[in-house]
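Reviewing the structure listed below.
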Amino acid sequence: MKMLPQDFFCRSVTTLAEELLGKVLIYEQGDQRKQAIITETEAYGGIDDAASHAHKGKTPRNWPMYEQGGYSYVYLIYGMHHCFNISAGDKGEGGAVLIRAVTTLPDEHVLTGPGRVGKFFGFTRAQSGYKITEQKSYIWVEDWGYTLENVQQTTRVGITKATDKMWRYLGTIARR
DNA sequence: TCGTCGATCATCT
DNA sequence: GATGATCGACGAG
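The numbers in the numbering used here rise by one with no breaks, and the one at position 34 of the first sequence is 48.
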């Protein structure tokens with residue numbers, strides 16, 4: 015059980031999206047600890063990805079996407095859903111991985127959809143811009159040895175632009 | 001069972 | 001002033 019290091023996140027968004035499957039996302043808030051296995055992700059690129067928030071350049075909202083890998087990026091969508099992302103690549107690239115589905119631990123409750131994931135963890139914009147690779151962080155990712163089977167790569171969901179990119183990754187938990 | 005639509009607000013034009 | 005990386009309710013079939 016170990017916190018994933020900076021290097022893990024400083025790779026291309028597509029590689030990171032695939033590598034995050036089966037990893038455990040942990041959030042500690044006061045005496046509450048929430049953790050879940052990541053089972054579905056989507057990659058969002060930089061300027062050249064029309065579906066990405068980073069498409070129109072760096073703004074006060076999306077700056078974490080332009081940081082080096084390992085920063086949290088949380089935003090509010092449709093006025094009611096908080097979506098959690100982790101930045102990828104090197105500083106200035108502009109890219110992040112959206113967590114679309116998780117399986118909570120230890121009760122193994124399945125949560126599908128970024129809105130429900132954000133709701134479970136209680137994420138808000140206050141959790142955006144966090145460096146999740148530091149020891150003092152309240153949000154981080156660990157490798158507990160879970161692997162996913164039947165991993166599929168499909169087109170992204172819920173977007174209206176660049177719908178042809180096969181940048182969505184999902185699978186089912188195989189073993190620990 | 002499936003498709004359509006309303007909710008609701010931060011961000012960008 | 002329009003819109004969106006969504007979800008859940010509701011009505012039709």
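Idealized CB from N, CA, C, for every residue including glycine. Since the structure is predicted, the reported quantities are computational estimates derived from the model, not experimental observations.
Check                                                                                                                      : Outcome
For the alpha helix (DSSP H) that contains F98, what are its first and last residues?                                      : No alpha helix (DSSP H) contains F98, which is instead part of the beta strand (DSSP E) from H95 to S101.
Out of curiosity, what's the CA-to-CA distance linking Y193 and D104?                                                      : Nothing can be reported for residue 193, as the shown portion of the chain is limited to 15 through 190.
With respect to the alpha helix (DSSP H) encompassing A31, which residues constitute its N-terminal and C-terminal limits? : V27 to E33
Inspect the beta-carbon positions of F135 and L39 and report whether they are closer than 9 Å.                             : yes
Using DSSP bridges, identify the partner residues of K105.                                                                 : Answer is none; K105 lacks a bridge partner.
Can L162 and L18 be called in contact, C-beta distance under 9 Å?                                                          : no
Once the 5 residues before and after Q166 are set aside, which same chain residues still bring their CB inside 6 Å of it?  : L184
If you measure between the beta carbons of I91 and P120, is that distance less than 9 Å?                                   : no
Which residue or residues does DSSP assign as beta-bridge partners of V165?                                                : In the DSSP output, where bridge partners are listed per residue, V165 has none listed.
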